[in-house]
Amino acid sequence: MNLPVIFTIILLLPLISAAVITLFLRRSGKLAECASVGSGFLIMGLSLYVLLTWNGQTFHQSWEWLRFGNFSYSMGYLFDNQASLMLLVVSFVAGWIQLFSVGYMDEDEAQGRFFGGLSIFMFSMLGIVLADNLVMLFVFWELVGFSSYMLIAHYYKTDFANMASRKAFIVNRIGDFGFVVGIVWCYHHYGTLDLQTLANIITAHPDLLGTGAAVGIGLLIMCGFVGKSAQFPIQVWLTDAMAGPTPVSALIHAATMVAAGIYLMARVFFLLPPFTQEWIMWSGAGMTAFAGLCALGQTDIKKSLAYSTLSHLGYMATALGLGYPGLALFHMAMHACFKATLFLGAGSVIHACHHEQDIYKMGGLLRRMPITAITFAIASLSICAMPFFAGYYSKDSIISAAYLMGANHGAVFYGVYVLVFVGAVCTSLYMGRLFFVVFLGQPRSEHAEHAHESSAFMTIPLIILGFLSLTAGWVVYGWTWDNGHMIWLLPASCVQVFIGDFNLIAKQVESSSLGHPLEILDIVLGVAAIIATYFFYGRARTGDPLAAKAPGVYHLLERHGWFDDFYDWYVAKVQQPVCEMFGSFDKLFIEFGCVWGTGLATGLTGSLLKRAYVGSLHAYVYWFFAGVILFWAYAVGWL
Amino acid sequence: MTPGLQAYLTVAGVLFAIGFAGVLLRRNVLIIYMCLELMLTASTLALVAFSRFNGTMDGAIFVFFIITVAAAEVAVGLAIIVALYRRRRTIQVDELNYLKN
Amino acid sequence: MAAFFFYFFSALSILAALFVVLNREAVNSAMCMIVSFVGVAALFVLLEAYFLAVLQVLVYAGAVMVLFLFIIMLLDTRERNRPRLGGFNLFAGVVSLILLAAGAAWLAHQFPLSVAPQAAPLMPPDDNPLAYATSAKAFGYGLFTRYMLPFQVTGFLLLIAMVGVIVLSKRPAAPPANEPQR
């Protein structure tokens, strides 16, 4: 099988779908849906085919695209284990979410635009997955940002969606600026941007990582990760991005795009010196705890899930910072499964309640929407890392790794462990709150009373992804079949990415004294938290009981630690006056002086010369005569 | 004393100067035009004198063309002056200053 | 004898030209102009360019000046066509006159004192067809061999002039709204 051809087909198929939709199918929503969903499933099929028949050898091929003097920009494919896992996650989850969107957007009036946007997003994301050098990755990075902007602004008639999409794009740009500077510096320092070549250089000269340049490059490339994956301090765009339709939130802001940052970090992991890793670890762990707490202060179901996403991105960042990129990718894959299920479930609920998103207007939906409720419950248990659910293996691995870091490298790192532990408890708290408020109790509004189970378009993806949230983690038990090609439900090549780290951590936990007991403590606390939330929130009628009982804390959590307010103040009071100062400078000297001034000077010269036009014939004859004398003097030689 | 080349040239020069003075000093556009023709005539005289004293026909043939062109030019110029008069009702050049500023 | 005629006719031309410039009436100026042209034609005769002399009288004095007279009488020449000899104009006029005359005189004396050549033949010699001769055939020869192109172009020029004059003389369809009434 010809890998470059298949990859090109996988990459170009969504682009062709987007082009066809944009050119021809803008009006006909149904055909656009067929095109997009068709291409999505084709991609899923082709990806599975590639993964099943791949022999595990790293595949790298590139073609020169542009050349500027010494610098040549090439596009190519680098397909190794990491790419295979990411490809599987992206194509699989995206295919089912596209099917879900058919059901969710059935009453929407701009289906063509939506599915075109989904196709463009697929193209961009697959480009990031398959890219082999940093420039190509950056190009598709920006394309993903654009697709996100376009899809968030789907309901562009509302101010909130417009502002949210702009905020997402601009905040992403701030991160991308650091990314671009990092890429340029990387090229300047190492002489190449090809990932494999860079890896070879670093393995050949490990001492290169000790230089200041490496630290700088690592931090700057991390800026891209910070922007795209909503890390501290620019995580403010992700919650506003919930203004987009729910499938968009599920696909882009939970499963794939925000994971692109993690993927980038895993790809360039060899470039990161220890300082950068520590920074990522601490900021990730902090975000885990903080976002987990903030999720308790939201009444919008999607915002709550968005903070949950932030929290889990913190987990993945912590894993990266601890030095286990494989674990980060493992958690990313599991997170894609259960977070997509949660968002799709939320979408199903929102759709059934006629686009009502406040959880205190829902309730009692367990009876009315059983499939949604059960899949939501499975995914919730998975995200709370209950044993044998998919989330348990990845999340507990990370928590144990954090503990081991503290045990082996110094007590200060116990702080990381405490933070992720708090985050885990918060997960149970907010997920329990969410489930009990939305699905149990009595319906709190008209819409909730009349809700009914969603169509098959929506329930089938829910079932499939819910099933995966339950069982996907069992790959760690190593049940191989198909001649060693497949391990449980994942191709072996994908599992290779993380199984090494996982087993390493598991062994270390065995050998350490407190490893197991702490795990059990974690599980027990999680279960206790869920039961506590049942009693605390399950009886609530309207309004949040926490808001009633501890309004100060609730306000802090609701305002998201006043991050947004701080940035608003900064932009309005600090940045704007500086810009206005520059603007007036520009207006005064450049616009007024140079541009207007040259026009003025020319006009004055013209006015002066206009004096010569006296209108008198005789004057013109005198001028003529003067010219003749001049010429004559020159000819004679007097001049 | 038989007139030599200089004599003829002097006459031509004086005629030219008088014509030039007329162009500069008169305000009636028709008289200015007539003085222009005077200047042309002076140049034809100089040309014929040169032609005669050099012994070739070139100067005389050139004069032939000058006379023709001057006739055509007078026709067109007078048509323009008439059209201008119809518009402005004046033939004094200091009142025909619509190109001013 | 030739010298006398030369002085007489050149004085006539110059005086008539002066009267053209200094006269108050336009018609008088035109008449003096005709006299001046006749004087120049006589000078042509003295230079043995008989064809050109006849041409000068026919075309210039006969056609061009008649045309001038037509137009002078057509247009309403007012009282104020006296040369206004106000300060700057007079000064500039005199200065330019002196300059011009001086220049012409200087130019004239650049050339060596030349003796009048022998009388021009009627026909040009065969070995030098463009030598100075008095017959019309000499003109014809030069016009149709060496100066053929200017000859044809002049034909075109005359056609264009005719067309131009017709176009310029057409009355506008409607009289313009606001004519400056003087």
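For the protein sequence lines, the chains are D, P and F, in the order given.
For the record, in the first sequence the residue sitting at position 401 is 478 according to my numbering, with numbers rising by one throughout.
For the record, in the second sequence the residue sitting at position 36 is 47 according to my numbering, with numbers rising by one throughout.
For the record, in the third sequence the residue sitting at position 26 is 1153 according to my numbering, with numbers rising by one throughout.
Quick reminder that beta carbons are idealized off the backbone N, C-alpha and C, glycines included.
Opening and closing residue of the beta strand (DSSP E) in which D/HIS137 lies: 136-145
Residues near D/PHE346 in its chain [Cβ-Cβ closer than 6 Å; skip 5 each side]: PRO402
Counted within 10 angstroms of its Cβ, other Cβ atoms place F/PRO1299 as buried (16 or more) or exposed: exposed
CB contact check: F/SER1156 to chain B, cutoff 8 Å: Considering every chain present, this structure includes no chain B. Its protein chains are D, P and F.
Partner residues on chain F for D/TYR699, Cβ-Cβ distance less than 9 Å: ALA1219 and SER1223
Contact under 8 Å by Cβ, D/THR376 with D/ILE448: Their beta carbons are not under 8 Å apart, which means D/THR376 does not touch D/ILE448 by this criterion.
Residue span of the beta strand (DSSP E) that contains D/GLY153, given as start and end: 148-156
Expected contact under 8 Å - CB spacing of D/PHE156 and D/PHE136 to nearest Å: 4 Å
Any 3 or more C-beta pairs closer than 8 Å across the segment 190-204 of chain D and the segment 99-117 of chain D: yes
Any chain D beta carbon closer than 8 Å to P/TYR44: Against chain D, the CB of P/TYR44 has no partner CB under 8 Å away; the residue lies outside that interface.
Whole-number beta carbon distance between F/PHE1171 and F/GLN1183, since they are thought to touch under 8 Å: 6 Å
Cβ neighbour criterion (16 or more within 10 Å) applied to D/ILE667: exposed
Expected contact under 8 Å - CB spacing of D/LEU211 and D/ILE251 to nearest Å: Not quite, the Cβ-Cβ distance comes to about 19 Å (not below 8 Å), so this is no contact.
D/ILE247, enclosing alpha helix (DSSP H) - first and last residue: Counting along the chain, the alpha helix (DSSP H) containing D/ILE247 begins and ends at 236-267.
Closer than 8 Å to chain P by CB, D/SER693: Interface residue, yes.
Cβ of P/LEU47 within 8 Å of any chain F Cβ: no
Supposed close pair P/VAL25, F/ILE1199 - CB separation, criterion 8 Å: Not confirmed; about 25 Å, so no contact.
Straight-line Cα distance separating D/ALA609 from D/HIS428: 29 Å
CB contact flag (P/LEU89, P/PHE73, <8 Å): no
Straight-line Cα distance separating D/TRP646 from D/CYS656: 15 Å
contact_flag[the segment 376-390 of chain D, the segment 270-290 of chain D] where n(CB pairs < 8 Å) is 3 or more: no
Closest by C-alpha distance to F/ALA1231, when choosing among P/THR13, P/ALA28, P/ARG38 and P/LEU16: In this structure, P/ALA28 is the residue among P/THR13, P/ALA28, P/ARG38 and P/LEU16 with its C-alpha nearest to the C-alpha of F/ALA1231.
D/TRP646 - DSSP class collapsed to helix/strand/coil: helix
Status (buried if at least 16 other CB within 10 Å, exposed otherwise) for D/HIS389: buried
Within-8 Å CB hit, D/PHE702 to chain F: Among the residues facing chain F, D/PHE702 is included, as its CB has a counterpart in that chain under 8 Å away.
CB of D/VAL248 within 8 Å of CB of D/VAL335, strictly: In this structure, D/VAL335 does not lie closer than 8 Å to D/VAL248 by Cβ.
Contact with chain P by F/PHE1171, beta-carbon distance below 8 Å: It does: the Cβ of F/PHE1171 has a partner Cβ on chain P nearer than 8 Å.
CB contact flag (F/ALA1176, F/PHE1136, <8 Å): no
Best match in D/VAL493, D/LYS438, D/PHE415 and D/TYR480 for proximity to D/MET463 [C-alpha to C-alpha]: D/PHE415
Beta carbon proximity, P/LEU56 to chain F, threshold 8 Å: yes
Within chain F, the residues that P/ILE77 reaches when beta carbons sit closer than 8 Å: For a Cβ distance threshold of 8 Å, nothing in chain F lies close to P/ILE77: the least Cβ distance comes to about 10 Å.
Between the CA atoms of D/LEU677 and P/THR52 - distance to the nearest angstrom: 49 Å
Inter-residue Cα distance where the pair is F/ALA1144 and F/LEU1284: 29 Å
The segment 31-38 of chain P in contact with the segment 1148-1156 of chain F per 3-pair CB rule at 8 Å: yes
For D/GLY518 and D/ILE86, the rounded distance between their alpha carbons: 50 Å
D/PHE198: CB within 7 Å of a non-hydrogen atom of the ligand MG: For the structure depicted, the ligand MG is absent and the ligand set is empty, with no information on it obtainable.
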